[in-house]
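J.: Residue numbers (our numbering): 8 to 280.
Here a beta-carbon is modelled for each residue, glycine too, at the ideal position from N, C-alpha and C.
Everything numeric in this text was worked out from a predicted model, so none of it was measured.
Structure in structure tokens, see below.
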């Protein structure tokens with residue numbers, strides 16, 4: 008048994024112990040025994056504790072600091088249980104909402120509305136609902152992964168890390184300036200992109216200079232085709248707006264697309280004003 012297997016085996020033993028001692032099975036004990044270790048262990052998400060802000064020390068956005076919500080007739084300030092906030096980036100990555108033991112993934116999902124609210128208020132791409140055994144991972148307002156048991160979590164831990172693992176998030180932000188999930192095909196150099204109809208059409212990306220986004224939207228870079236543009240900016244999408252880019256604007260001559268143009272949102276603002 009390797010160290011990662013030992014880690015998850017220990018989590019299962021702790022969960023079994025809670026099942027056998029119902030009087031000790033509460034949200035707080037699940038935080039200490041299951042949730043916090045999963046977030047901080049190198050075999051889980053690998054976050055340094057200094058990057059985790061607990062509910063008691065979360066700064067509430069000024070717009071809602073005097074706003075309360077009522078849970079079972081009890082007024083509460085709108086704060087998640089944990090906010091992931093890397094010191095080296097100084098931005099919110101994810102909100103984590105902890106729950107007492109849930110009978111099923113469906114009962115855990117009943118709290119999605121609360122998580123949606125926290126994601127919006129704290130401007131987080133990622134949100135997590137968990138009782139320590141069951142996990143729901145949300146990307147924006149869509150469910151991205153679900154794990155119904157610790158066994159499922161163990162099998163899918165690499166997928167979980169790819170979403171909000173410490174190393175993965177920080178590397179992704181440093182390289183692409185986004186916390187959002189980015190898929191890069193390992194076959195991109197050898198085969199057509201998934202947008203084959205654009206493979207032979209020149210591309211211009213506006214608002215960039217030497218691979219970096221410009222603060223005022225100036226600069227541009229030409230590419231031979233969409234496939235080569237995707238190698239540098241993998242979140243370009245010719246048919247959809249993305250977090251960083253407009254969809255493709257098409258230059259058409261004689262009823263044929265001659266060039267497609269993407270703009271960063273700063274470039275879009277500059278060209279539209």
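Alpha carbon to alpha carbon, what distance is there between residue 208 and residue 173?
T.: The alpha-carbon atoms of residue 173 and residue 208 are separated by roughly 38 Å.
J.: What is the C-beta distance between residue 92 and residue 60, in whole angstroms, given that I count them as a contact (C-beta under 8 Å)?
T.: Rounded, the Cβ-Cβ distance is 5 Å, consistent with contact.
J.: For residue 244, report the span of its alpha helix (DSSP H) as first-last.
T.: Taken as a continuous stretch (DSSP letters only), residue 244 belongs to no alpha helix (DSSP H), as it is neither H nor E.
J.: Would you tell me roughly how many angstroms separate the C-alpha atoms of residue 137 and residue 48, rounded to the nearest one?
T.: Rounded to the nearest angstrom, the two C-alpha atoms are 16 Å apart.
J.: To the nearest angstrom, report how far apart residue 100 and residue 23 are at their CA atoms.
T.: Spanning the two alpha carbons is a distance of roughly 31 Å.
J.: Apart from the five residues on each side of it in sequence, which residues of its chain come closer than 6 Å, Cβ to Cβ, to residue 51?
T.: Closer than 6 Å at Cβ, skipping near neighbours: 45.
J.: Relative to the C-alpha of residue 276, which residue among 129, 240, 243, 221 is closest?
T.: Of the listed residues, the one whose Cα sits closest to residue 276 is 221.
J.: Less than 9 Å between the C-beta atoms of residue 214 and residue 250, yes or no?
T.: No, these two residues do not count as a Cβ contact at 9 Å.
J.: When DSSP builds the beta bridges, which residues end up paired with residue 230?
T.: According to DSSP, which records beta bridges pairwise, residue 230 is partnered with 210.
J.: What are the uninterrupted segments assigned as beta strand (DSSP E) that are 3 or more residues long and contained completely in the region 85–150, given in chain order?
T.: DSSP runs (the beta strand (DSSP E)) wholly in the region 85–150: 89–91, 101–105, 133–137, 142–146.
J.: Can you look up residue 250 in the DSSP assignment and give me helix, strand or coil?
T.: It is coil, neither helix nor strand.
J.: Taking the beta carbon of residue 178 as the centre, do at least 16 other beta carbons fall within 10 Å, making it buried, or is it exposed?
T.: By the 10 Å Cβ count, residue 178 comes out exposed.
J.: Over what stretch of residues does the alpha helix (DSSP H) that includes residue 12 continue unbroken?
T.: Its alpha helix (DSSP H) spans residues 10–27.
J.: Which of the three DSSP states is assigned to residue 267 in this structure?
T.: Strand at residue 267.
J.: Can you give the beta carbon distance from residue 181 to residue 175, rounded, assuming they're within the 8 Å contact cut?
T.: Contact flag wrong, Cβ pair sits at about 11 Å.
J.: To which residues of the same chain is residue 43 closer than 7 Å at the C-beta, ignoring the five residues directly before and after it?
T.: Around residue 43: no qualifying Cβ.
J.: Would you list the residues sitting across from residue 60 in a DSSP beta bridge?
T.: Paired residues: 90.
J.: What would DSSP say about residue 176, mapped onto helix, strand or coil?
T.: It is helical.
J.: Spatial neighbours of residue 34 within its chain, please: CB distance less than 7 Å, with the 5 preceding and 5 following residues excluded, ordered by chain position.
T.: 105, 106, 107, listed in sequence order.
J.: If you compare alpha carbons, which of 158, 157, 244 is closest to residue 203?
T.: Nearest option by C-alpha distance: 244.
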